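Position in the sequence shown (first residue = 1) + 9 = my numbering.
Read through the structure below, which is laid out as structure tokens, and then see the notes.
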Amino acid sequence: MLKRLIVVNSEIYSIADIQLDSCDSIQVTGPNNIGKSTLIYALNFLYIIDGKLMIFSGGRTGDKITLNHYFPSVSGSYIIFEILKQRYYSILVRKDAEGKLEYYKIDSDYKESLYFIKAPEGRKIKRFEKLLSDLTVNGITYSKFSSRRELFNFVYQRGRKNNGVVWLNQNVSHDAREISNNFSRIYRYLIHAASLDNHTLKESLIVADSKDEERVEFSKKHQQDVNTLRRYNEQTRVTKSIIPKFDAFKELVERYKALQHLLSELVYAFDLKYKEVYPPLLLQIKETEDQRNSNETHIREVLLPRLSKLNQSLGANQTERTQKKKQIEELTTWIKNIKAYEGLPFLEQARDNLDVQRKHIEGRLYQIDDQSLSSKELESSILACAKSNEKLVRQIESYSNQLIHRITPRQEDKELLHAILSDEVSALSCETIRKEVTRAGRQLKLFDGEIDLPGTLIPRPIPSIEELKEQLVKGEKDKKHYESLLPVAKDKEKYERELKQLSGQIKEIEEKINSILLLPEKEEKLQTATKELAEVELRLDSIGKEIEEVNRENVQKQEEIKALDLQLLEKRKRTSDIRKWKEEVEFSGIDPVSAAKDMPLDALYADFNRLGSERDKLKINKEREFDSLKEKTRQVHSCEEEFIRYMDSEIATLEEKEKSIKMLLTNISAQFAIPCKTLLNKFEEFGEFITKQFNPKIRKIKISDIESLEIEISPNQKLLDDLEKIMGIQDLTSSLFFDDQDKSLATLNNYLDGQITIYFRELFDIRVRLKSKGNYKTVDFRKQVESDGTDKMIRLAIVMSIINQLIVSDPENRVVIFVDEIEKIDVANRGELLNFCKENNFLPIFASPGNLLDGFGKYYTIRKGRGKLVVTERNGNLITRKTKAAL
């Protein structure tokens, strides 16, 4: 058995040395992701030689990454398995320079001194070449396994009298490559139970019951007798079944021949009558066509051109009439409207009045635009004028009574006095004047004195009252002018609109005036148009009468054409019918046979058609029966006479074929019925093995609240029925001509034709059923069955029960298995699992991240440290204690 597992210089372990002896179970503990599973998954390299079947953490296979993880150094990374089978030896695993695994058998137990060198800084791993050299020096023999096949045949051996790692029962078989067997294929599910499925479980159960080699082979070398038997049987059965229909078919053939002869006589008589009737009918058609074409030519070349010209003239005159009527209507309306206007003097006066208003507004707008006057400027001018005028009024009023203005009537004298007198004297009231000055000179008498006025004395101007009045008139005029401009400046748009409106009114009046002036001319045009309209009406009446005459002649010719067309239609239909009859008669392909039949052509065709229809129906029935008979007999005769001769021959040889069938059936029954029956019996034996041996074994395992656990067989009913049919051929000798025989033979022939081999595993599928709390349910191992712990227990129990069927039951043949996450299995299930392993020679290694659990023989704890991990008894990783009774 495997006594020791040593991992040297892996990616995470410097050395890990797990001793598997002197205990029934081991627990490995340590934090998550520290490498517990990695350590125990090294069992892959011993128990599963095929790298494709190896399975590691996360479901990975033995790929390059995995190998590099276990063997990072080509010359200094090893896995050693210490084995005790009759004597100690070790199996060393390493990776070569090409990345492939090499296996060596070393005839010695594991000794640390063989693999390490003592150095001042501690142990040092021996390089592989040094290791082999030291083995030779120490007298320890070793050998390299030349191939995986050699390694596999050494690890797995049958019986007890050998040093194989695993002793197998005699019924375990290898695969074609001889690097895996049923044990190694199922062992992988002890390492990774979650990947177990129903297919692998079924294969393992078949091997456990030694049924993996059972099969029935069907070869084509036996197919000729089966085909001959089927052919004879089918021909005999079919021949007997169609004799009544065959007789009826022969009668149909004779009736068809008689009808064919009558039709040949009718064809001859029809051809003679056709030559008498058809040519005269064609001549009548030609004469009718000529008459019809003459009428059609007269219409096309005489009537239609004349009618076209008349219609053109009619259209032109109608257009002219419409235009004249429109012109008269427009002139009448225009004259009426003009005569409704006001008189010409009134309109001219109104136009002049509006023109005055227009010019007034237009002048004020022009002054505002020309002088750029605003309303504010106009208001200021009006105010200035008002003030100036008021001043002039007061001035005039005061001047009339002032001395200066009344002292003399002459203006030049007033100005001279105005220069001499002070303003105070000048402004004295005229009542102070005692005497007016009538003449002035250069001498001035002053009181009783007299003064000579100097020649330089300039008269001082003084406005006269007349000038002031003139200024006042002008001021008032300016004020009125500004006042007339002010409203225009304030609302310029209003006066512009008013100006536009006045211009429009003036234009409208001018148009009326112009229209009144044109009235005589328009009245003259109205008279002319009325006269011309009367002339057009006369022309239209004449054209209309001529068109009616042409149309009457056209209608008459058209009626004649229609009558001729009806005659042509009837005659052409007659010729078409006769020609069609002729074609049908000729197309029938019936050869004419001379016969005396004096009958009308129609009667001849009617008889031909009636008898032809009867013949066609008879032909359809005859051919349908012919096809049916050929289909049933599977013949390809195209000639009915040949088929009838063939069938007459078959009926005559029925007795001989029946004798041949009996002989062939006896031979075939012996060749295939017995092997099929044997395979069916093996299937029944397997069912008994499952129900009476395997199910009682796994039913004893107590798992949580599961009351029972069992394997159910789901038969492949189609395949079993086929085997039953083939096996039943031996019982058909007494029922030669029944369909059951042919079905059985057809089934057999299908398998022979495909050279099919029916393997035992194809006869059924399996299902796992469990009972919990009184309820049954079927589970699928592709999914989780129950809780994590219960699911793991169910899978382990089934797989270990199967492996137990494959290995020799011996304490020296204990198989090491790995169970991860043991803490998920409750205490009761854990105890049941330990008892099962002990009773069936399994050594379980349990892994968990938690505390040490009761019930195990040894405990290895993995602790983090500096550098790579070290797990050895000497390093303090092993804990032993007296355990309690297994829970």
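For every residue, glycine included, the Cβ atom is placed at its ideal position computed from N, Cα and C.
Since we're looking at a predicted model, the values are computed, not measured.
{"Asked": "Range covered by the beta strand (DSSP E) that runs through F855", "Found": "F851 to S857"}
{"Asked": "DSSP three-state assignment for L455, whether helix, strand or coil", "Found": "strand"}
{"Asked": "Distance CB(I834)-CB(G866) smaller than 7 Å", "Found": "no"}
{"Asked": "Touching by the beta-carbon criterion (3+ pairs, under 8 Å), the stretch 154-163 and the stretch 19-29", "Found": "no"}
{"Asked": "Proximity below 7 Å, CB of S390 to CB of Y491", "Found": "yes"}
{"Asked": "For G128, the residue or residues it bridges with in DSSP", "Found": "Here residue 128 turns out to be Ala, not Gly, going by the sequence shown. Paired residue(s): G131."}
{"Asked": "Same chain, Cβ closer than 7 Å to F90, neighbours up to 5 away in sequence not counted", "Found": "L11, L14, L55, S99 and I100"}
{"Asked": "Cβ-Cβ distance between I871 and G39 below 7 Å", "Found": "yes"}
{"Asked": "Nearest-angstrom Cβ-Cβ length linking N191 and V181, presumed shorter than 8 Å", "Found": "5 Å"}
{"Asked": "Continuous alpha helix (DSSP H) assignments of at least 4 residues falling wholly in the stretch 344-429", "Found": "353-380, 384-408, 412-415 and 420-429"}
{"Asked": "Sequence ranges, beta strand (DSSP E) only - wholly within the stretch 34-101, length at least 3", "Found": "35-38 and 87-94"}
{"Asked": "Coil, strand or helix - N759 by DSSP", "Found": "helix"}
{"Asked": "Any alpha helix (DSSP H) of 4 or more consecutive residues that is wholly inside the stretch 174-232", "Found": "191-200 and 207-217"}
{"Asked": "Buried or exposed (CB count within 10 angstroms, at least 16 for buried), C685", "Found": "buried"}
{"Asked": "V602 beta carbon less than 7 Å from that of Y277", "Found": "yes"}
{"Asked": "S897, enclosing alpha helix (DSSP H) - first and last residue", "Found": "Since the first and last residues shown for the chain are 10 and 896, residue 897 lies out of range."}
{"Asked": "Contacting residues, own chain, Cβ-Cβ under 8 Å from G885 (five flanking each side not counted)", "Found": "none"}
{"Asked": "K489 versus E541, Y165 and E388, residue with shortest Cα-Cα distance", "Found": "E388"}
{"Asked": "T687 versus R246 - alpha carbon distance", "Found": "32 Å"}
{"Asked": "Selected residue, minimal CA-CA separation from L356, among E832, E519 and L842", "Found": "E519"}
{"Asked": "Run of the alpha helix (DSSP H) containing K902, from where it starts to where it stops", "Found": "Only positions 10 to 896 of the chain appear in this structure, which leaves residue 902 out of reach."}
{"Asked": "Spatial neighbours of K35 in its chain, beta-carbon cut-off 8 Å, leaving aside the 5 residues before and after", "Found": "First, the amino acid is wrong: residue 35 is Ile here, not Lys. Hits under 8 Å: I27, L29, L852, P853, I854, F855, F865, G866, K867, Y868 and Y869."}
{"Asked": "For R451, the nearest candidate out of D461, D789 and E445 (CA to CA)", "Found": "D461"}
{"Asked": "Straight-line gap, Y287 to I599 (C-alpha atoms, nearest Å)", "Found": "21 Å"}
{"Asked": "Anticipated Cβ contact below 8 Å, S193 with L62, distance rounded", "Found": "6 Å"}
{"Asked": "Continuous beta strand (DSSP E) stretch holding L878: start and end", "Found": "L878 to V880"}
{"Asked": "Delimiting residues of the alpha helix (DSSP H) encompassing N784", "Found": "It is not in any alpha helix (DSSP H) - N784 instead sits in the beta strand (DSSP E) that spans N784 to V788."}
{"Asked": "Range of the contiguous beta strand (DSSP E) that encloses F773", "Found": "F773 to S781"}
{"Asked": "Top-ranked residue by Cα proximity to K368, from R403, E507, E532 and G859", "Found": "E507"}
{"Asked": "CB of E773 within 7 Å of CB of N704, strictly", "Found": "In the sequence on display, residue 773 carries Phe and not Glu. No, the pair does not count as a contact, with Cβ atoms beyond the cut-off."}
{"Asked": "Alpha carbon of L1 to alpha carbon of R770, nearest angstrom", "Found": "Because residue 1 is not part of the residues shown, which for the chain are 10 to 896, the question remains open."}
{"Asked": "Straight-line gap, K400 to S473 (C-alpha atoms, nearest Å)", "Found": "15 Å"}
{"Asked": "C-alpha gap between A806 and I816, whole angstroms", "Found": "16 Å"}
{"Asked": "Residues sharing a beta bridge with I722, DSSP", "Found": "I775"}
{"Asked": "Per-residue DSSP class, three states only, for I660", "Found": "helix"}
{"Asked": "Integer-rounded CB distance, given that K706 should sit under 8 Å from E841", "Found": "With 8 Å as the limit, E841 and K706 do not qualify as a contact, their Cβ atoms being about 14 Å apart."}
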